[in-house]
Amino acid sequence: MRLYNTLSGTEEEFIPSGERVKMYVCGITPYASSHVGHALSAVVFDVLRRYLEFQGYKLQHVQNFTDVDDKIIARAAKQGVTYRELADRYIQEYTSDMDLLNVKRAHAYPLATDAIPRMVEVIADLIDKGYAYPSNGNVYFRVTMDDDYGKLSHRSLDSMIAGARVEVVEGKEHPMDFTLWKAAKPGEPAWESPWGPGRPGWHIECSTIALDHLGESLDIHGGGLDLVFPHHENEIAQSESYTGRIPFARFWVHNGLLNLGEDKMSKSLGNLVGVSEALEHHSSDALRLYFLSSHYRSPLNYSAEGLAAMERAAERLRNALRQDSTTGNDALDPSHYEKQFVTAMDADLNTPQAIAALFDLAHEINRARERGQKVGQAQNSLRKLGDVLGLTFRERTSQEALSLEPLAELFKDIGATLNASGHHKLAGWVNSHSDAQDAATIVETLLAIRRELRQVREYDFADTIRSRLADLGVGLEDAQDGTVWKHRQSVV
RNA sequence: GGCGACGUAGCCAAGUGGUUAAGGCGGGGGUCUGCAAAACCCCUAUUCGGCGGUUCGAUUCCGCCCGUCGCCUCCA
352 MRLYNTLSGT
362 EEEFIPSGER
372 VKMYVCGITP
382 YASSHVGHAL
392 SAVVFDVLRR
402 YLEFQGYKLQ
412 HVQNFTDVDD
422 KIIARAAKQG
432 VTYRELADRY
442 IQEYTSDMDL
452 LNVKRAHAYP
462 LATDAIPRMV
472 EVIADLIDKG
482 YAYPSNGNVY
492 FRVTMDDDYG
502 KLSHRSLDSM
512 IAGARVEVVE
522 GKEHPMDFTL
532 WKAAKPGEPA
542 WESPWGPGRP
552 GWHIECSTIA
562 LDHLGESLDI
572 HGGGLDLVFP
582 HHENEIAQSE
592 SYTGRIPFAR
602 FWVHNGLLNL
612 GEDKMSKSLG
622 NLVGVSEALE
632 HHSSDALRLY
642 FLSSHYRSPL
652 NYSAEGLAAM
662 ERAAERLRNA
672 LRQDSTTGND
682 ALDPSHYEKQ
692 FVTAMDADLN
702 TPQAIAALFD
712 LAHEINRARE
722 RGQKVGQAQN
732 SLRKLGDVLG
742 LTFRERTSQE
752 ALSLEPLAEL
762 FKDIGATLNA
772 SGHHKLAGWV
782 NSHSDAQDAA
792 TIVETLLAIR
802 RELRQVREYD
812 FADTIRSRLA
822 DLGVGLEDAQ
832 DGTVWKHRQS
842 VV
């Protein structure tokens, strides 16, 4: 496949260097709930992984957690918990959010704090080699020693300084020198080192963890576009200076960032939408379709309206997966659509086009079914290709989507109306389920009642039940072989 | 100030130097249905921010302009 490489600034043919594709993706700093921007990034690399696996590659996917840093420490102190407790809490939350998004788990989630002794070794070696120097309990990387510093972000040291936002820090030889080891202030969690107690800088963590888990050369290093500089630039500087092996990562892959309204969604602006918040209102399929309906390198604006539209689009795909006909003779051949899908994904993960192939296939399935063809094979194909994008084609269950109280109230109400209008038999059905504790039982009973009403042509009453269920988010479809109901996304 | 991205229908969003500019949502009409819903059929950009240039031919390449956004500081 062709894959855009930030390092070269072009698309290149992706061929792994060995048996397994070694993919390292920068993880989160667990000091707060993860937001939909994190979800976007996770989904992008999940799809890259799924597609490579679909193509028959074996992968080793590693993603770190930066479980100690200034913000974690500050926040933990504020809440009166240890940094450990705070980090663990948000790591757990992140993991469960990603599970709900159907993101495949990485093969390893190393913690920064577990790798500190190794980082100390690496830093010491960098000092020995002249790439770093201690200063007042800190250790800095000497950027002037690295001839190709700036090659990833495509800027020169001079132009960085011309940016004029570099602040002069006491003890640094060069304003762009960055921290490898940070001396601890009193009361902060600290680890021993030859330079005094402290903790590692952010960048050295990823270099060291990647090195330890995946070796000196990665196939793919991923992350958000906002990490290109300084984080990934510095990782390259550290890793290549330490190992002498170039390149540290063969492909640098960066996803575009998610904006909220006019602004980038960022912690500093505080305009965050949490992953769990988004999942309360939208299915994971809708979220994934939304993320993947624009190219992964483009910026994307988060919008609830856009997601609601994707919810309907997801339903369209699901509808194509309904029961196959059993009587058909010839079968629909999905291979044309599979080719389209693969061609699209091969072109730097062109998921918008891949999704279009999915919709074309779904459309063709519906047409073929009307023609009386067998569509089972094509449906399997749709499921299989959808799975490459991490789509589940599952509706949210009634428990997740429907609240019981308004339904129970409606149920009672209908029972009373039935009684009042002389439908004592049907009112009895309500009574016999009057203590129903789940939404499904209530809906099913109402559907049975409605069927009876339709049979005796009391359409007004039947339609009332339908519309009142619709008000509660239950959509009805009367098909040949009975009525199907589903939760419909309420308009946000 | 430096580096970079983008501007395609009502909305979201692919794409190509030259046959009909994907797909989704929305909208209109029709088939089916007791009515709906779903599904199917038809329609919904003579046109790709503006102005020049290159070319037989540009939405696609180049230049300028206008507009939007990102990075350069913690950030997926």
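All letters in the first sequence, in the order written, are residues 352 to 843 by our numbering.
By construction, the Cβ of each residue, glycine as well, lies at the ideal position given by its N, Cα and C atoms.
Small disclaimer: the values here were computed from a predicted structure and weren't measured.
Note down the Cα distance separating residue i from residue j, rounded to an integer number of angstroms.
{"i": "residue 826", "j": "residue 362", "result": "46 angstroms"}
{"i": "residue 803", "j": "residue 796", "result": "11 angstroms"}
{"i": "residue 738", "j": "residue 639", "result": "11 angstroms"}
{"i": "residue 781", "j": "residue 686", "result": "50 angstroms"}
{"i": "residue 481", "j": "residue 491", "result": "11 angstroms"}
{"i": "residue 661", "j": "residue 744", "result": "13 angstroms"}
{"i": "residue 779", "j": "residue 828", "result": "25 angstroms"}
{"i": "residue 750", "j": "residue 731", "result": "At residue 750 the pLDDT is 49, less than 50, meaning the model places this residue with poor confidence; the figure from the coordinates comes in the next sentence. So the alpha carbons of these two residues sit roughly 27 angstroms apart."}
{"i": "residue 605", "j": "residue 513", "result": "25 angstroms"}
{"i": "residue 628", "j": "residue 390", "result": "12 angstroms"}
{"i": "residue 474", "j": "residue 457", "result": "27 angstroms"}
{"i": "residue 712", "j": "residue 735", "result": "12 angstroms"}
{"i": "residue 510", "j": "residue 527", "result": "11 angstroms"}
{"i": "residue 556", "j": "residue 417", "result": "8 angstroms"}
{"i": "residue 378", "j": "residue 405", "result": "24 angstroms"}
{"i": "residue 398", "j": "residue 451", "result": "15 angstroms"}
{"i": "residue 570", "j": "residue 603", "result": "9 angstroms"}
{"i": "residue 837", "j": "residue 670", "result": "11 angstroms"}
{"i": "residue 650", "j": "residue 689", "result": "28 angstroms"}
Kindly indicate the opening and closing residues of the alpha helix (DSSP H) around residue i.
{"i": "residue 475", "result": "467–479"}
{"i": "residue 796", "result": "790–806"}
{"i": "residue 511", "result": "508–513"}
{"i": "residue 596", "result": "Unbroken run through residue 596: none, as it is neither H nor E."}
{"i": "residue 370", "result": "Note, residue 370: premise wrong, no alpha helix (DSSP H); not H, not E."}
{"i": "residue 782", "result": "775–783"}
{"i": "residue 770", "result": "755–771"}
{"i": "residue 634", "result": "Note, residue 634: premise wrong, no alpha helix (DSSP H); not H, not E."}
{"i": "residue 744", "result": "Premise fails: residue 744 is in no alpha helix (DSSP H) and is neither H nor E."}
{"i": "residue 817", "result": "810–822"}
{"i": "residue 426", "result": "421–430"}
Along the beta strand (DSSP E) that carries residue i, what are the first and last residues, could you check?
{"i": "residue 678", "result": "No beta strand (DSSP E) contains residue 678, which DSSP labels as neither H nor E."}
{"i": "residue 435", "result": "Taken as a continuous stretch (DSSP letters only), residue 435 belongs to no beta strand (DSSP E), being part of the alpha helix (DSSP H) at 434–451."}
{"i": "residue 416", "result": "Residue 416 -> no beta strand (DSSP E), and no H or E assigned at all."}
{"i": "residue 604", "result": "600–606"}
{"i": "residue 571", "result": "569–575"}
{"i": "residue 826", "result": "825–830"}
{"i": "residue 455", "result": "Looking at the DSSP string, residue 455 is not in any beta strand (DSSP E), and its letter there is neither H nor E."}
{"i": "residue 653", "result": "651–653"}
{"i": "residue 609", "result": "609–611"}
For residue i, which option in the options has the closest C-alpha, if you only look at C-alpha atoms?
{"i": "residue 375", "options": "768, 708, 575 and 435", "result": "575"}
{"i": "residue 565", "options": "531, 412 and 497", "result": "412"}
{"i": "residue 786", "options": "740, 762 and 512", "result": "762"}
{"i": "residue 816", "options": "544, 767, 664 and 788", "result": "767"}
{"i": "residue 430", "options": "726, 774, 383 and 834", "result": "383"}
{"i": "residue 850", "options": "521, 529, 522 and 489", "result": "The requested residue 850 is not part of the displayed model; the chain covers only 352 to 843."}
{"i": "residue 420", "options": "573, 644, 553 and 675", "result": "553"}
{"i": "residue 462", "options": "476, 478 and 442", "result": "442"}
Is residue i helix, strand or coil when you go by DSSP?
{"i": "residue 535", "result": "coil"}
{"i": "residue 540", "result": "coil"}
{"i": "residue 750", "result": "Confidence at residue 750 is low in this model, with a pLDDT of 49, below 50, so the placement of that residue is unreliable and no value is reported for it."}
{"i": "residue 486", "result": "strand"}
{"i": "residue 526", "result": "coil"}
{"i": "residue 353", "result": "strand"}
{"i": "residue 837", "result": "strand"}
{"i": "residue 559", "result": "helix"}
{"i": "residue 551", "result": "strand"}
{"i": "residue 725", "result": "strand"}
{"i": "residue 843", "result": "Since pLDDT at residue 843 reaches only 32, below the 50 mark, its modelled position is unreliable, and the value read off the structure follows with that caveat. Correct three-state label for residue 843: coil."}
{"i": "residue 739", "result": "helix"}
{"i": "residue 409", "result": "strand"}
{"i": "residue 363", "result": "strand"}
{"i": "residue 566", "result": "coil"}
{"i": "residue 358", "result": "coil"}
{"i": "residue 585", "result": "helix"}
{"i": "residue 578", "result": "helix"}
{"i": "residue 625", "result": "strand"}
{"i": "residue 383", "result": "coil"}
{"i": "residue 399", "result": "helix"}
Would you grab the beta carbon distance between residue i and residue j for me? Rounded to a whole angstrom, and I think it's under 8 angstroms.
{"i": "residue 593", "j": "residue 387", "result": "35 angstroms between Cβ atoms; not a contact."}
{"i": "residue 503", "j": "residue 354", "result": "16 angstroms between Cβ atoms; not a contact."}
{"i": "residue 466", "j": "residue 559", "result": "5 angstroms"}
Using 7 angstroms as the cut-off, classify the Cβ of residue i as near or not near the heavy atoms of the ligand MG, replying yes or no.
{"i": "residue 378", "result": "Judged by which ligands are present, the structure shown has none, so any question about the ligand MG falls away."}
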